Amino acid sequence: MTQTIFTIITEVEPAEVGALQTVLAEVGADPVANTVLPLGSFDVLHFASLTLVEMNGLPPTLIFEHNVDTSVDDWLRTLVDRAPGGLDALYTHCKGYPVGGDPLRVRAYLREHVVAPGAYHVGATGRSLTQVRQEAGLRDAIEGFLESEDGAGRLRNDPPDAVRTAVQQFVKSDDAFSWTRKTPERQTKSEHRRHQVRFWANVAAAVVMAPVLLPTLAIGVVVLRVKERTDPVQQGPADPAHVKALSDTEDFIAQNHLASVIPVKPGLLRAAILPAVLHILNLLARMSYTKGELGGIPSIHFAHWSVFDRGRHLLFLSNFDGSWESYLADFIDKAATGLTAVWSNTVNFPRTRLLLRDGATDGPRFRQWARSNQVASQVWYSAYPGLTMPMIDNNTAIREALFVRLDGEEVHRWLQRL
Amino acid sequence: MRRDRPRREEQAAPLDTSDMQGLVGRAYGHLSYARYLLLGIADPAGARRWLGHVVEDVNTAAQPRQDEVCINVAFTWAGLARLGLAADALATFPRPLQEGMVTEHRSRILGDSGASAPSNWRWGAPHHPEIHVMLLVFADTEEELAAAHEKCRSEFGAEEALVEVSEPIDGRLLDDVGTEHFGFMDGISQPVIRGWPRTTSSVHPPAAPPPAKWTEVNPGEVLLGRADNFDKPSEGPTVAAGSGGSALPPADWGPRGRHHLGHSGSFLVFRQLAQDVSGFRRWVAETAASARAAAPSAADPSADRSLLAAKIVGRWPNGAPLALAPGSDGEAPAGANDFGYHEMDQEGLRCPLGAHVRRANPRDSSLAHPDVALSSTKNHRILRRGRPYGPPMVDIPAQPEEGEDPERGLIFVCLNADFERQFEFVQNTWLNNPFFAGLYDEVDPLTGTQPAGGGRFTMQAEPVRRVVKGIPDFVTVKGGGYFFLPGIRALRYLAGVET
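Protein chains in written order, with this note's numbering: chain G, 751 to 1168; chain V, 80 to 578.
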């Protein structure tokens, strides 16, 4: 099972911006069950957002974020089949939308505007929405079982193996949990092998190309150092009214959403570096960050970068646990290098050295810059507003080890997860 | 143009304690009585004249410990505006100070809902008179405190320049080891400012100074314009040179030609937190009794009253931490602070993952790598300067009745350089976070705002965790505000602003 992450990015008719805002406000007021586009009705959609961006140097643009358990084509087919009215209501305000609602033409229009991520991360690798919900239900049921046993004074003094057996029997006794014995691995071996092959193929290609690449790189580094000294950087805090408007929408459920659209620095150098960095990060993410953490950050459900507007703008979309402050702290404390390598190619990023150094490690300036460039999403949907990434992982770990043979220490660790 | 790097000489300059208000350096733990006066400015010109006089009386961090009355003074953003500070300078203050403690979002992240909602506050909410200035008065005896209050009032009230807009709040130490009303030693784990000329004292500093590994932070975590944990100056408010600002040092950030109003200053958080001591004791006793009744023979942490209370706090009443002293308060020194969780208690079997002190300072336990976790934790520390208020509770009343139990609690005061990264982070990402450390939907059992029907608290145990439920609010917010605690030179500048 593979998740697919992408956006549909369309240009909005300038005269239609107000009308589109009205539609977005209606969807945004109740993303789960509104009558226009009830996002809660899809059982393969983890997170979604709709962001109308209006900023200098970019025509009014609608960005529709999708994080789904299926392929792009299957998902678009589902959307067009099940929510034709909702798509019409949104995209009739966008340039080139086929009026008349012919499903084939609508699908072709959406397909044409799909932007694939340059690099992405999935926290719950390989786990479908159904599985996430089932495993949460299983854990809740075990919790309830332990509560009732405990309330009756049982289990507290029992040896670990006896407690585990009692839990196993409880799960077996309920047919609703028959799925627990046949759920797939998080990432199949063939998927893992494919990613490894791709990674090493890239390394091999780089080695082969070295005679050409190295001199280019050497020139690139010199130019980069000159630019890094002179590029303008963030000046002071973000506009308080802008930050207030953003924070007013935050901290209602377990997760928050961050969207940013930032102009890429002009020139050939950045145009070359940015896709290369995203490519390398994406290879690493597929290889290494499949266990719920991204470079030590345990709180990201779905996040991606993509370059759009003919390479002139960089989009970042993330669905993460906890507050904006804690997310940025994670960025700064644990993942500054990778983030700096990407975002230093966009305007006003804090001062860097050799692409990777400084930058995001300057926490206060990085936070100012991040807030300044954040854009408000009018619609944001989460399929599991009460589940954090560590909970999802813990629920999976409980299920995975439920019926396998464990030694004494493993039993102890498994029981501590309950 | 922006200068990116702090000038080295400024970085290396020793901390000028004579320019700092005393609260930066001490909590006045040797002075048993405190009164916090909440003032509004009636006449800005008169208030500036008053400030010009009172600055001479403000106790500084350089002065030796003394038994005489000590005063400090702090301002809200509205107060700075009322005093006549120019708009360009006001705009350089951080958004939280500008907006104040009460906004919808801030109430959400600080946990100020239900009984703690600003609509139920006694002071400091939008429906109360606006507070401009806070005078912090510390004294050795009640008589001296009353006399000092009288003197202050005669000074600020002389030209009717300032008026007290709310009842003064009286703080009072309960003993000389820093015990708070629930009966636990408080203020043990404090950050220490690197390069501070002498040990930064908590209310009652422990005999042995804690090792720097756990406590030391860069000066800019507390003081504005100093190197913070990111080795950059912590950005504070600035003023134009032409406004008399050249008496202040030049600022190392922002546009050129600005001067550093935050020099030797800090940002102060003030919250009045009522503690339901009899409620806490009653709940602990009842929960322990029902655990014993359910399983009389079980080894159950919730079946023992003192252990259950210690699990909630994460320390025993004498301050011995559960991480070092899991079985009894004699297993570690009182107030011990030289410990982490990673090596000996990553699973929380000793000190529960959601215990109050572990949430308030997770030390090295928040991540897989203890060193990264610790350095990350240190970016979110606050320097606490509070003290209890209200009469001590001597015995558990046999039949507590509504109304006859006088209010008591904690005057929470802390200093930090960045409200959002420090105080609000601690409150939101650690204390009130329902999912802290991988937990499922529970907030701080001691200080958290609990959901309707009561909160839950998980104690990791073997073979499986114990959960206690039905936790009521033991702490209720009664008022609060965000303040700027200027340095001495900045106070002089503020006294001289021309409007």
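Don't be surprised by glycine CBs; every beta carbon is placed ideally from N, CA and C. A quick note: this is a predicted structure, and the numbers were derived from the prediction, not measured.
Item: With a threshold of 7 Å between beta carbons, is residue 1128 of chain G in contact with chain V?; Value: no
Item: Going by other Cβ atoms of all chains shown within 10 Å of its Cβ, with 16 needed for buried, is residue 1102 of chain G buried or exposed?; Value: buried
Item: Return the bridge partner residues of residue 1139 of chain G from the DSSP annotation.; Value: Partner(s): none; residue 1139 of chain G has no beta bridge.
Item: How many whole angstroms separate the CB atoms of residue 829 of chain G and residue 837 of chain G, which I take to be in contact at a CB cut-off of 8 Å?; Value: 6 Å
Item: What does residue 536 of chain V reach in chain G if we use C-beta pairs closer than 9 Å?; Value: Going along chain G, no residue has its Cβ under 9 Å from residue 536 of chain V, so there is no contact; the nearest lies around 14 Å.
Item: Give the residues from the segment 531-561 of chain V that approach chain G closer than 9 Å (Cβ to any Cβ), ordered along the chain.; Value: 539, 540, 541, 542, 543, 544, 545, 546 and 548
Item: Give me the Cβ distance between residue 1070 of chain G and residue 1118 of chain G, rounded to the nearest whole Å; I'm assuming they're in contact under 8 Å.; Value: No, residue 1070 of chain G and residue 1118 of chain G are not in contact; Cβ-Cβ is about 19 Å, not under 8 Å.
Item: According to DSSP, what are the bridge partners of residue 233 of chain V?; Value: The partner list for residue 233 of chain V (beta bridge, DSSP) is empty, contrary to what the question assumes.
Item: Using the three-state DSSP reduction, which class does residue 799 of chain G fall into: helix, strand or coil?; Value: strand
Item: Under 6 Å Cβ to Cβ from residue 280 of chain V, same chain only, skipping five residues before and after it: list those, please.; Value: For residue 280 of chain V, the pLDDT reaches just 48, beneath the cut-off of 50, and the residue's location in the model is therefore unreliable, leaving the point undetermined.
Item: Comparing the C-beta of residue 1109 of chain G with each C-beta of chain V, is any distance below 7 Å?; Value: no
Item: Report yes or no: is there a C-beta of chain G within less than 7 Å of the C-beta of residue 294 of chain V?; Value: no
Item: Classify residue 521 of chain V as buried or exposed, calling it buried when 16 or more other Cβ atoms lie within 10 Å of its own Cβ.; Value: buried
Item: Quick check: what's the CA-CA separation for residue 142 of chain V versus residue 567 of chain V?; Value: 13 Å
Item: Can you tell which of V/128, V/165 and V/101 has its C-alpha closest to the C-alpha of residue 145 of chain V?; Value: V/101
Item: Once DSSP output is grouped into helix, strand and coil, what is the label at residue 81 of chain V?; Value: With a pLDDT of 38 at residue 81 of chain V, under the threshold of 50, the modelled position of this residue cannot be trusted; read the value that follows with caution. It is coil, neither helix nor strand.
Item: What residue range is occupied by the uninterrupted beta strand (DSSP E) comprising residue 213 of chain V?; Value: 212-218
Item: In whole angstroms, give me the CA-to-CA distance for residue 563 of chain V and residue 165 of chain V.; Value: 16 Å
Item: Could you name the residues of chain G that residue 188 of chain V contacts, counting a contact when the two beta carbons are closer than 9 Å?; Value: 997, 1000, 1001, 1073 and 1075
Item: In its own chain, which residues sit with a C-beta less than 6 Å from the C-beta of residue 395 of chain V, not counting the 5 before and 5 after it?; Value: 389 and 408
Item: Let me see if you follow: with CB-CB separation under 7 Å, is residue 146 of chain V close to chain G or not?; Value: no
Item: Could you tell me the alpha carbon to alpha carbon distance between residue 378 of chain V and residue 294 of chain V, rounded to whole angstroms?; Value: 35 Å
Item: For the segment 1127-1140 of chain G and the segment 1102-1112 of chain G, state whether three or more C-beta atom pairs, one from each stretch, are separated by less than 8 Å.; Value: no
Item: May I ask you to report which of helix, strand or coil DSSP gives residue 281 of chain V?; Value: Per-residue confidence for residue 281 of chain V stands at a pLDDT of 48, beneath the threshold of 50, marking its modelled position as unreliable; no derived number is given.
Item: Roughly how far, in whole angstroms, is the beta-carbon of residue 212 of chain V from the beta-carbon of residue 121 of chain V, given that I think they are within contact range, below 8 Å?; Value: Going by Cβ atoms, the distance from residue 212 of chain V to residue 121 of chain V rounds to 11 Å, so no, they are not a contact pair.
Item: Relative to the C-alpha of residue 446 of chain V, which candidate in V/425, V/459 and V/462 has its C-alpha closest?; Value: V/425
Item: Mark residue 556 of chain V as exposed unless 16 or more other C-beta atoms lie within 10 angstroms of its C-beta, in which case mark it buried.; Value: buried
Item: Just checking my contact of residue 496 of chain V with residue 301 of chain V at CB under 8 Å: how many whole Å lie between their CB atoms?; Value: 6 Å
Item: Going by DSSP, which residues form a beta bridge with residue 811 of chain G?; Value: G/761 and G/803
Item: Using beta carbons (cut-off 7 Å, strictly below), is residue 455 of chain V in contact with chain G?; Value: yes
Item: Could you have a look at residue 99 of chain V and say whether DSSP puts it in helix, strand or coil?; Value: coil
Item: For a contact meaning CB atoms closer than 8 Å, what does residue 1083 of chain G contact in chain V?; Value: 451, 454, 455 and 458
Item: Which residues mark the beginning and the end of the alpha helix (DSSP H) in which residue 919 of chain G is found?; Value: 910-922
Item: Taking only runs of the alpha helix (DSSP H) that begin and end inside the segment 1056-1094 of chain G, which ones reach a length of at least 4 residues, in chain order?; Value: 1074-1084 and 1086-1093
Item: Out of curiosity, what's the CA-to-CA distance linking residue 907 of chain G and residue 545 of chain V?; Value: 12 Å
Item: Ignoring anything shorter than 3 residues, give me the beta strand (DSSP E) runs that lie fully in the segment 515-562 of chain V, in order along the chain.; Value: 534-538 and 545-550
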